[in-house]
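Chains as they are written, first to last, in the working numbering: chain E, 9 to 359; chain L, 9 to 359.
Take a look at the structure set out below.
Protein chains: 2
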Amino acid sequence: MKKVVLNDIAVSLGVSKALVSMVLNHQGDKNGISKATQERVWLKAKELNYIPNHIARGLRLGKSMMIGLIVPDIANIFFSRIARIIEDIANKAGYNLIISSSDENIERELQLIRKFTERQVDGLIVASTQSTKAEFVQLKNDGFPIVLIDRSLNINDIDYIGVDNTEGSFHAVNHLIKEGFRKIALLKPGPAHLRNLRDREAGYRKALKNSGIRINERIIREIPFTNLDTKAEDELDELMKLGIDAIFAINNRLAVSTLQFARKRNINIPEQLGLITFDDLDLFEIGHPTVSAVSQPVNQIAEAAANKLLDILRLDRSVKSAQHFLLSTKFIPRESSVYVSQNAEMLSEVL
Amino acid sequence: MKKVVLNDIAVSLGVSKALVSMVLNHQGDKNGISKATQERVWLKAKELNYIPNHIARGLRLGKSMMIGLIVPDIANIFFSRIARIIEDIANKAGYNLIISSSDENIERELQLIRKFTERQVDGLIVASTQSTKAEFVQLKNDGFPIVLIDRSLNINDIDYIGVDNTEGSFHAVNHLIKEGFRKIALLKPGPAHLRNLRDREAGYRKALKNSGIRINERIIREIPFTNLDTKAEDELDELMKLGIDAIFAINNRLAVSTLQFARKRNINIPEQLGLITFDDLDLFEIGHPTVSAVSQPVNQIAEAAANKLLDILRLDRSVKSAQHFLLSTKFIPRESSVYVSQNAEMLSEVL
DNA sequence: CTGTTAGCGCGTTCAA
DNA sequence: TTGAACGCGCTAACAG
């Protein structure tokens, strides 16, 4: 069955393509096409089951009505949630989303950016790996609509939506300190080049310093991405020997490793080891023990990003000055960060 | 900065568009373009930072090199994993993915299918809500490449990849029975019109029947999608009063509800209540207790679907007879389904 | 050998 | 209400 195109309708009705196009785009009245003719066009379109070719229209209009979304990994729940929200907002404005994962790979990210521009996406939302800023600046200079999320690239000219990582971990670690924990280790993935993670570490250091606690570099541990699980175990074993009383896992992945480690070694959380982490998970709310976490406002990030991009798209290349939004996180205290002093522990055993 | 198009290169080089197109598509040799000229074209293209317009090419070629993926919800980890794998495979073959969520809404799904065809996607992979088959049959008849995943629509002509739900839950419930559980309740979301879920229920019934256990309709409970959590609690309270000893949660969402319920009521799993579920989650492996689950081969499903679609695309509209693949699931026994008899329980208390 | 011309694909728009 | 041009890249046929 051959595809039905605009011209088929025109021919079978004995009118011009132009007329059909106008009618189908609801410009019939404006162009003084008689009601009767309009009706005939609509009927014929339905009869032939006409499906407009969006590509041809895009070519003519110079718009694809597509938005590109590039994230490190769409299988990551954080990004898939963001994708979903952006999708909804974009759809409402008539845009479709074309999504790809960069896998934290700079080469791949650049490739994707190029591919998406070839595809004439009207705008881009990207959670960049720490790629060369040059590409983004280039795009921006070409007047291409871009919004960065989650990972800041510190480019003033480009809109960015993220959370205040420093503030978030500062609060979380402070909570730990106020509870009574003193020897708080930091677990981070290595090499931690991402701005995000460095900021979180800064918050940790600031909290300790603020409370007059000496920062012990020996209990700040970097766990290589490769075979993270086994390495995490070794590091944690060492940390326990150093007598730490709590852990700040800089991301949820490491918190999960810590949880597994504790289970394996029969270490009670929080009695023997306090735990807080950055970036909440369902698991932390439901598991046992429940885990205190810094929660990111996923919805807000996604909404802000989508709306920002749509704004730019609406204003059409009018180069509005870019803005950087730092949304605030929310610390959710749960069981894992309750301080159980030696005394309290003994007391509860007696009861 | 104006966009650089093919013609700009041609003009600035004093050659024809045709020549430039050939060279840039690596057809230079084939068409006898001199090496020198080819070199000049490449250099100029780089110099001008030429970016081909994929849309124009697509229009001419009648291909968009895009694949549409429609799932109920991309924020659902099951589907986002599938999306990721399909993405990788599609990318390797030069395709990009355009993804949308149907929200289990028939209207929306039909709309998306239409939108995607307007966009001239070259093929479609869809985890269909139980929408009207008519649309799919229509597309298939038009020679449009489609692969269905996860949710079967029982259309012989259309390729489908999924798992054997009946078999999967049959095994799982059997395990429960062999362990010693006898009063096994079924928890399902309602209204459960999805073929998937009905098959899982069938497996449950088959397992009981097979073991000569009477099927008690009163402990088969349907929990309305709306305010699922509160309703789940009520239902579970009733079930406990009826003296059940285990629960088969037909999907992981309900297993999570059960877990929360148990925690709230201080019910020990598995000592006081066994639990198994369909569709594994990280949470089930890490949480406490760990939860026995029927695990779906996500990778295989996604790979099979992507490859199947690419095959069809390669063969180009040659209407190969469709196939239905039913992959098998894997039951992963964990703590939640260990049977602790009255005696064993008492014994352990004494120790 | 080395290249060019002309027109297509499909929907939109403007002058007539 | 319409013919013709246009947007951009591709390709069959053709010419020196």
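From the three backbone atoms N, C-alpha and C, an ideal C-beta is built for every residue, glycine too.
Bear in mind that the values here come from a model prediction, so they are computed numbers and not experimental data.
Exercise. Within the 8 Å Cβ cut-off, does E/ILE59 reach chain L?
Worked result: Numbered from 1 along the first sequence, position 51 holds the residue referred to as residue 59 of chain E. Using beta-carbon distances, E/ILE59 counts as an interface residue toward chain L, with a partner under 8 Å.
Problem set entry | Positions along the region 285-308 of chain E whose CB lies within less than 7 Å of some CB in chain L | ASP290, LEU291, ILE294, GLY295 and HIS296
For this session: Could you run through the region 79-99 of chain L and flag, in chain order, every residue whose CB is less than 9 Å away from some CB of chain E?
Result: Closer than 9 Å at the C-beta level to chain E, one finds these residues of the region 79-99 of chain L: ASP81, ILE82, ALA83, ASN84, ILE85, PHE87, SER88, ARG89, ILE90, ALA91, ARG92, ILE93, GLU95, ASP96 and ASN99.
Exercise. The alpha helix (DSSP H) spanning E/PHE86 covers which residue range?
Worked result: In the first sequence, the residue the question calls residue 86 of chain E occupies position 78. Counting along the chain, the alpha helix (DSSP H) containing E/PHE86 begins and ends at 85-100.
Problem set entry | Close Cβ partners of L/ALA210 (< 7 Å) along its chain, the five nearest in sequence each way excluded | Working through the second sequence from its first residue, we reach residue 210 of chain L at position 202. Hits under 7 Å: THR174.
Exercise. Whose Cβ in chain E lies nearer than 8 Å to the Cβ of L/THR137?
Worked result: Within the second sequence, residue 137 of chain L is the residue found at index 129, counting from 1. What L/THR137 touches in chain E: nothing, since even the nearest Cβ is about 16 Å away.
Problem set entry | Contacts of L/VAL23 in chain E (Cβ-Cβ under 8 Å) | Position 15 of the second sequence, counted from the start, is the residue given in the question as residue 23 of chain L. One finds nothing in chain E with a Cβ atom closer than 8 Å to the Cβ of L/VAL23; even the nearest lies about 22 Å away.
For this session: Kindly identify the DSSP beta-bridge partner or partners of E/ALA254.
Result: By one-based count along the first sequence, residue 254 of chain E stands at place 246. DSSP lists E/ILE192 and E/GLY282 as partners of E/ALA254.
Exercise. Apart from the five residues on each side of it in sequence, which residues of its chain come closer than 6 Å, Cβ to Cβ, to E/LEU236?
Worked result: Your numbering for residue 236 of chain E matches position 228 in the first sequence. No residues qualify anywhere along the chain.
Exercise. The beta strand (DSSP E) spanning E/ASN162 covers which residue range?
Worked result: Along the first sequence, one-based indexing puts residue 162 of chain E at 154. E/ASN162 -> no beta strand (DSSP E), and no H or E assigned at all.
Problem set entry | Interface residues of chain E facing L/GLY2 [CB-CB closer than 7 Å] | Residue 2 of chain L is absent from the model: chain L starts at 9 and stops at 359.
Exercise. Whose CA, out of E/PHE178, E/LYS196, E/PHE233 and E/PRO199, lies closest to the CA of E/LYS214?
Worked result: As a working note, residue 214 of chain E is residue 206 in the first sequence. The shortest Cα separation from E/LYS214 among E/PHE178, E/LYS196, E/PHE233 and E/PRO199 belongs to E/PHE178.
For this session: Could you tell me which residues DSSP pairs with L/TYR168 in its beta bridges?
Result: As a position in the second sequence, residue 168 of chain L is number 160, starting the count at 1. According to DSSP, L/TYR168 bridges with L/LEU156 and L/HIS332.
Problem set entry | Selection from L/THR337, L/GLU230, L/ARG342 and L/PHE333 that minimises the alpha carbon distance to L/LEU194 | Here residue 194 of chain L refers to the residue found at position 186 of the second sequence. It is L/GLU230 whose Cα lies nearest to the Cα of L/LEU194.
Exercise. If you draw a straight line from the C-alpha of L/ASN164 to the C-alpha of L/LEU202, how long is it?
Worked result: Position 156 of the second sequence, counting from 1, holds the residue named residue 164 of chain L. Position 194 of the second sequence, counting from 1, holds the residue named residue 202 of chain L. Using only the alpha carbons, I get a separation of about 18 Å.
Exercise. Buried or exposed: where does E/GLU243 fall if 16 or more other Cβ atoms within 10 Å of its Cβ makes it buried?
Worked result: One-based indexing of the first sequence puts residue 243 of chain E at position 235. Burial call: buried.
For this session: Could you tell me whether the Cβ of E/SER344 comes closer than 8 Å to any Cβ of chain L?
Result: Reading the first sequence from its first residue, position 336 is the one you call residue 344 of chain E. No, no contact with chain L.
For this session: Select from E/TYR103, E/ASN61 and E/ARG65 the residue whose C-alpha is nearest the C-alpha of E/MET73.
Result: Position 65 of the first sequence, counting from 1, holds the residue named residue 73 of chain E. Ranking E/TYR103, E/ASN61 and E/ARG65 by Cα distance to E/MET73 puts E/TYR103 first.
For this session: Find the residues of chain E that neighbour L/ALA64, judging by a C-beta separation of less than 8 Å, and give them in chain order.
Result: If you number the second sequence from 1, residue 64 of chain L lands on position 56. Those within 8 Å of L/ALA64 in chain E are LEU67.
Exercise. Relative to the alpha-carbon of L/ILE376, which residue among L/LEU56, L/ARG48 and L/TYR212 has its alpha-carbon at the smallest distance?
Worked result: Nothing about residue 376 of chain L can be reported from this structure: the residues present for chain L run from 9 to 359 only.
Problem set entry | Where L/ASN182 falls: helix, strand or coil (DSSP) | Taking the first residue of the second sequence as position 1, residue 182 of chain L is located at position 174. Reduced to three states, the DSSP call for L/ASN182 is helix.
For this session: Could you list the residues in the region 262-274 of chain E with a C-beta less than 9 Å from some C-beta on chain L, going in chain order?
Result: Contact annotation: in the region 262-274 of chain E, residues whose CB is within less than 9 Å of a CB in chain L are VAL264, LEU267, GLN268 and ARG271.
Exercise. Taking all protein chains shown into account, do 16 or more other C-beta atoms lie within 10 angstroms of the C-beta of E/GLN304, making it buried, or fewer, making it exposed?
Worked result: Here the question's residue 304 of chain E lines up with position 296 in the first sequence. Taking a 10 Å sphere around the C-beta of E/GLN304, we find 16 or more other C-beta atoms and assign the residue as buried.
For this session: Using a Cβ cut-off of 8 Å, pull out every chain L residue sitting near E/GLU126, in sequence order please.
Result: Counted from its first residue, the first sequence places residue 126 of chain E at position 118. Here the neighbours are ILE59, PRO60, ASN61 and HIS62.
For this session: Verify whether the separation of the beta carbon atoms of L/ILE169 and L/ILE157 is less than 8 Å.
Result: One-based indexing of the second sequence puts residue 169 of chain L at position 161. One-based indexing of the second sequence puts residue 157 of chain L at position 149. Contact flag set, yes.
Problem set entry | Own chain, CB closer than 6 Å to E/GLY76, minus 5 neighbours either side, in chain order | Locating residue 76 of chain E in the first sequence gives position 68, where the first residue counts as 1. The beta carbon of E/GLY76 lies closer than 6 Å to those of ILE106, PHE124, VAL129 and LEU132 in the same chain, with the five residues before and after it left out.
Exercise. To which residues of the same chain is L/ASP287 closer than 8 Å at the C-beta, ignoring the five residues directly before and after it?
Worked result: Mapped onto the second sequence, residue 287 of chain L falls at position 279. PHE86, ASN259, ASN260, ALA301, VAL302, SER303 and GLN304.
Problem set entry | Short Cβ contact (8 Å threshold) for L/GLY295 with L/LEU184 | For this step, residue 295 of chain L is matched to residue 287 along the second sequence. For this step, residue 184 of chain L is matched to residue 176 along the second sequence. Not in contact: L/GLY295 and L/LEU184 (Cβ atoms no closer than 8 Å).
Exercise. Which residue or residues does DSSP assign as beta-bridge partners of L/ILE231?
Worked result: As a first step, residue 231 of chain L must be located in the second sequence, where it is residue number 223. Beta-bridge pairing links L/ILE231 to L/PRO197.
Problem set entry | Beta-bridge pairing of L/MET74 - partner residues as DSSP gives them | What you label residue 74 of chain L is simply residue 66 of the second sequence in a count that begins at 1. DSSP lists L/ASN104 as partners of L/MET74.
For this session: Check the Cβ-Cβ distances between L/SER29 and every residue of chain E, and say whether any is below 8 Å.
Result: Translated into the one-based positions of the second sequence, residue 29 of chain L becomes position 21. By this cut-off, L/SER29 is not an interface position.
Exercise. Expressed to the nearest angstrom, what Euclidean distance is found between the alpha-carbon atoms of L/ARG206 and L/ARG159?
Worked result: Along the second sequence, read from residue 1 onward, the residue named residue 206 of chain L stands at position 198. Along the second sequence, read from residue 1 onward, the residue named residue 159 of chain L stands at position 151. C-alpha separation (whole angstroms): 11 Å.
Exercise. Should E/VAL299 and E/GLU187 be called a contact, given that it needs their Cβ atoms to be closer than 8 Å?
Worked result: Translated into the one-based positions of the first sequence, residue 299 of chain E becomes position 291. Translated into the one-based positions of the first sequence, residue 187 of chain E becomes position 179. For the 8 Å CB-CB criterion, E/VAL299 and E/GLU187 do not form a contact.
Exercise. Where E/ALA83 and E/SER336 are concerned, what is the direct C-alpha to C-alpha distance, given to the nearest angstrom?
Worked result: In the first sequence, residue 83 of chain E corresponds to position 75, counting from 1. In the first sequence, residue 336 of chain E corresponds to position 328, counting from 1. Straight-line Cα distance between these residues: approximately 25 Å.
Exercise. Closer than 8 Å, CB to CB, is E/LEU105 near chain L or not?
Worked result: Counting from one through the first sequence, the residue named residue 105 of chain E turns up at place 97. Yes, E/LEU105 lies at the interface with chain L (some Cβ there is under 8 Å from its Cβ).
Exercise. First and last residue of the alpha helix (DSSP H) that includes E/LYS338?
Worked result: Here the question's residue 338 of chain E lines up with position 330 in the first sequence. E/LYS338 -> not in any alpha helix (DSSP H); beta strand (DSSP E) instead, spanning 338-340.
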